[in-house]
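Peer 1: Heads up: the sequence shown runs through residues 18 to 282, numbered per this note's numbering. Below: one structure in structure tokens.
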Amino acid sequence: MLQSSRGRTRYPRWLRRLVYRLYAHRVEGRLDHEQVPKHIGVILDGNRRWARASGGTTEQGHQAGAEKIREMLGWCAETDVEVVTLWLLSTDNLSRPAEELRPLLGIIEDAVRDLASDGRWRVHHVGTPDLLPDHTQRVLKDAEESTRGNRGILVNVAVGYGGRQEIVDAVRSLLADRAARGATLEGLAEDLALEDIAEHLYTRGQPDPDLVIRTSGEQRLSGFMLWQSAHSEYYFCDVFWPAFRKVDFLRALRDYAARHRRYGS
């Protein structure tokens with residue numbers, strides 16, 4: 018054991034890692050796989066603050082966050098999660114200064130290519146393509162097409178995504194679809210049901226998220242999957258996304274399993 022300058026006991030790194038692995042193994046061993054969420058939404062928050070805290074640059078923070086994605090998907094595969102939605106870039110983020118946005122888009126493109134080349138995941142873009150640069154749109158489209166036949170986890174990459182914008186796009190798509198069939202506005206207003214809008218969301222055909230995780234200590238959704246998360250459980254984690262560990266993930270699943278979902282009943 019070592020003594021810090023403040024008089025605190027500092028344990029060797031190898032010992033801390035061993036204790037962490039043993040604790041994670043214990044939490045995982047007590048996890049009920051029957052209670053694991055099938056769809057997890059993740060708000061990957063805190064890249065920039067992690068970078069500042071560690072003395073790095075904003076770009077390094079985003080890069081560290083991107084590198085965490087594959088690791089987390091591996092944890093999801095081990096625990097039988099079927100769908101994961103990763104919020105990588107919001108519509109609000111698109112207003113960031115060009116000197117930050119340009120490298121961030123490049124990091125996201127590399128991360129999406131990495132997911133597509135892995136061979137295990139099915140990649141699906143959720144967001145408004147027209148808000149993104151042409152080269153980013155191509156990367157997202159190519160990833161979808163090249164992974165369509167994969168049988169692993171369905172990974173929704175939310176890029177240029179906003180919950181309000183999604184609902185606007187869904188209504189616009191619904192109106193265009195009904196108009197093409199010769200429907201009138203009066204007829205649509207009379208017959209409109211929840212399912213009609215759900216069929217035009219970016220995630221149509223998918224189950225709604227059972228659990229939404231947000232890192233960095235912020236306790237708000239910021240517009241993430243506003244329609245789909247009506248009955249979701251939320252888990253807010255204090256650690257920044259690049260520092261998110263398997264034990265944090267397992268704690269979120271354990272917390273979820275301990276809740277009784279009533280769906281308004």
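All C-beta atoms, glycine included, are put in the ideal place defined by N, C-alpha and C.
Once you ignore the five residues that flank ARG165 on each side, which residues in its own chain have a CB closer than 8 Å to its CB?
Peer 2: Within the same chain, ARG165 has close Cβ partners ARG139.
Peer 1: Using only CA atoms, which one of ALA210, ALA206, THR74 lies nearest to ARG66?
Peer 2: Of ALA210, ALA206, THR74, the residue nearest in Cα terms is THR74.
Peer 1: Roughly how many angstroms separate the alpha carbons of LEU39 and PHE261, rounded to a whole number?
Peer 2: Confidence at LEU39 is low in this model, with a pLDDT of 49, below 50, so the placement of that residue should be treated as unreliable; the coordinate-derived value is given next. Whole-angstrom Cα-Cα distance: 17 Å.
Peer 1: Who are the Cβ neighbours of ILE214 in its own chain at under 8 Å, not counting the five residues just before and after it?
Peer 2: Answer for ILE214: ILE184, ALA187, VAL188, LEU191, TRP244, listed in chain order.
Peer 1: Quick one: grab the DSSP three-state call for PHE266.
Peer 2: Helix.
Peer 1: Can you name, in chain order, every residue of its own chain whose Cβ lies under 8 Å from the Cβ of PRO120, other than the five neighbours on each side?
Peer 2: Excluding sequence neighbours, PRO120 sits near GLU76, HIS79.
Peer 1: Is it buried or exposed, THR153, if we count other Cβ atoms within 10 angstroms and call 16 or more buried?
Peer 2: That one is buried.
Peer 1: Taking 7 Å as the limit between beta carbons, can you name the residues of its chain near ARG221, skipping five residues before and five after?
Peer 2: Contacts found: ALA215.
Peer 1: Could you check whether the stretch 95-111 touches the stretch 169-183, counting it as contact only if at least three pairs of C-beta atoms, one from each stretch, sit closer than 8 Å?
Peer 2: Short answer: they touch.
Peer 1: When DSSP builds the beta bridges, which residues end up paired with THR102?
Peer 2: GLY58, ASN173.
Peer 1: Could you tell me if GLN20 is buried or exposed, where buried requires 16 or more neighbouring beta carbons within 10 angstroms of its beta carbon?
Peer 2: Here the model assigns GLN20 a pLDDT of 49, short of 50, so the residue's position is not dependable, and the following value carries that caveat. It counts as exposed.
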